[in-house]
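Engineer: This is the structure I want to talk about, given as C-alpha cells.
This is the structure:
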C-alpha cells in the first residue's frame, strides 16, 4: 500500500467534502465559527494512531481581491509507525459573506516529494482554473466546469456547520476535488451522546455517501458526528475505504471569534 494513498484521505477527514448552491441564499445570523478557531484530530488507521490533522481558521485577509478567512488544514504522519514522512497543508479561502470559497492551495510533501495544486474559482462561478505542479516540473494548467456554488474540501464542511441540522434532514451537494466532480449525499440519522476525549458530547450522527475513487473508494457509507451546540464541531469521522478503516477523532478544540457577517444581496 502506498503511503501517499494512505495519507490522501487526511484532508478529507479533517474537512469532509461538502458544498451547496443553497449556501449563498441563506442569511447566517449566527455563524458557527470565526477567525481563531482551532481543532486538533487524531487519525487512526486499522486501529493504530497513524498521524494527526489540525484545522485552523485564520485572520481575515485579501485573496485575489476578495475578503476571505483562510481555513488551514495540516496533516502529518506519525513517525513511530514507520510510514513515509507526510506533511500536507491545504488552505481554503472562505468568503463569509457568500458562504463560498474563492479558491484553495494545496502544498503536499510526501516522502520528500513535493507537489502543489491551486484552484481558483472564475468570475462566472461555473468554472475553475486548476494549476498543478510537481517539484522540478513545469506547472500544468486546466479549466474545469463545475456546478455554481461548488466548494472545496475544507470550505464545504464549514458551510455545512452553518446549517440548522435536524434529525431526518437530507442534503445533496456538488463536490469538486481538483480532478473529479460528484454529488455527496448526507442524512442526519439521530441525536445521541458520544464519549470523546473532551468528555461526553451531544452530537448529530450523519451518514454520508461519496464517490471517491482508487484506494479511497468507500466500502460503506461514511459516518460523521457533529456537536449539537452552536459550534457544530465535527468530533468523529469513520470511513471504511478500500485501503482500510480510518477514524478521525477530535482531541482538542478552541473556539474562535464569531463576528457578525454581512451576507451578499441575492435579490430576495
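Residue numbers (our numbering): 2 to 269.
Note that beta-carbon positions come from the ideal geometry of N, C-alpha and C, so glycine has one too.
Since the model is a prediction, treat every value here as computed from it, not as a measurement.
1. Quick check: the Cα distance between residue 146 and residue 102, rounded to an integer number of angstroms?
2. What residues in its chain sit with their C-beta under 6 Å from that of residue 119, if we drop five residues either side in the sequence?
3. Secondary structure at residue 242, three-state DSSP: helix, strand or coil?
4. Using 8 Å as the limit for Cβ to Cβ distance, is residue 63 near chain C?
5. Which partner residues of residue 116 appear in the DSSP bridge assignment?
6. Do you know whose CA, among 229, 46, 67, lies nearest residue 193's CA?
7. Take the Cβ of residue 151 as the centre, count every other Cβ of all protein chains shown within 10 Å, and call the residue buried at 16 or more, exposed below.
8. Buried or exposed, going by whether 16 or more other CB atoms sit within 10 Å of the CB of residue 164?
9. Reducing DSSP to helix, strand and coil, say where residue 152 ends up.
10. What is the rounded straight-line gap between the Cα of residue 205 and the Cα of residue 95?
11. In three-state terms, what does DSSP make of residue 173?
12. Using alpha carbons as the reference points, say which of 246, 171, 173, 251 lies closest to residue 196.
13. Taking only three categories from DSSP, how would you classify residue 192?
14. Using a Cβ-Cβ cut-off of 7 Å (strictly less than) and excluding sequence neighbours within five positions of residue 223, which residues of its own chain qualify?
15. Ignore the nearest five residues each way along the sequence and tell me which others in residue 159's own chain have a CB closer than 7 Å to its CB.
16. Taking only the alpha-carbon atoms, compute the straight-line gap between residue 90 and residue 202 and give it to the nearest angstrom.
Structural biologist: Considering the structure as presented:
1. Taking the chain shown and counting its residues from 1, the one referred to as residue 146 is at position 145. Taking the chain shown and counting its residues from 1, the one referred to as residue 102 is at position 101. Their backbone Cα atoms lie some 16 Å apart in a straight line.
2. Taking the chain shown and counting its residues from 1, the one referred to as residue 119 is at position 118. For residue 119, where only same-chain residues beyond five positions count, the Cβ hits under 6 Å are 106, 132.
3. In the chain shown, the residue the question calls residue 242 occupies position 241. Here residue 242 sits in strand by DSSP.
4. Reference to chain C is not applicable here, since this structure consists of a single protein chain.
5. Counted from its first residue, the chain shown places residue 116 at position 115. In DSSP, residue 116 forms a bridge with 109, 135.
6. Locating residue 193 in the chain shown gives position 192, counting from the first residue. Nearest option by C-alpha distance: 229.
7. As a first step, residue 151 must be located in the chain shown, where it is residue number 150. In the assembly as shown, residue 151 is a buried residue. Its beta-carbon has 16 or more other beta-carbons within 10 Å.
8. Walking along the chain shown from the start, residue 164 turns up at place 163. Buried is the call here.
9. On the chain shown, position 151 is the one that residue 152 refers to. Of the three classes helix, strand and coil, the one that applies to residue 152 here is strand, per DSSP.
10. Taking the chain shown and counting its residues from 1, the one referred to as residue 205 is at position 204. Taking the chain shown and counting its residues from 1, the one referred to as residue 95 is at position 94. In this model, residue 205 and residue 95 are separated by some 24 Å (Cα to Cα).
11. Translated into positions along the chain shown, residue 173 becomes position 172. Taken through DSSP and simplified to helix, strand or coil, residue 173 comes out as strand.
12. Taking the chain shown and counting its residues from 1, the one referred to as residue 196 is at position 195. Comparing Cα-Cα distances from residue 196 to each of 246, 171, 173, 251, the minimum goes to 251.
13. Numbered from its first residue, the chain shown carries residue 192 at position 191. Looking at residue 192 - three-state DSSP - the assignment turns out to be strand.
14. Indexing the chain shown from 1 puts residue 223 at position 222. 209, 211, 238, 239, 240.
15. Within the chain shown, residue 159 is the residue found at index 158, counting from 1. Excluding sequence neighbours, residue 159 sits near 34, 72, 95.
16. Numbered from 1 along the chain shown, position 89 holds the residue referred to as residue 90. Numbered from 1 along the chain shown, position 201 holds the residue referred to as residue 202. Our two residues, residue 90 and residue 202, have alpha carbons roughly 29 Å apart in a direct line.
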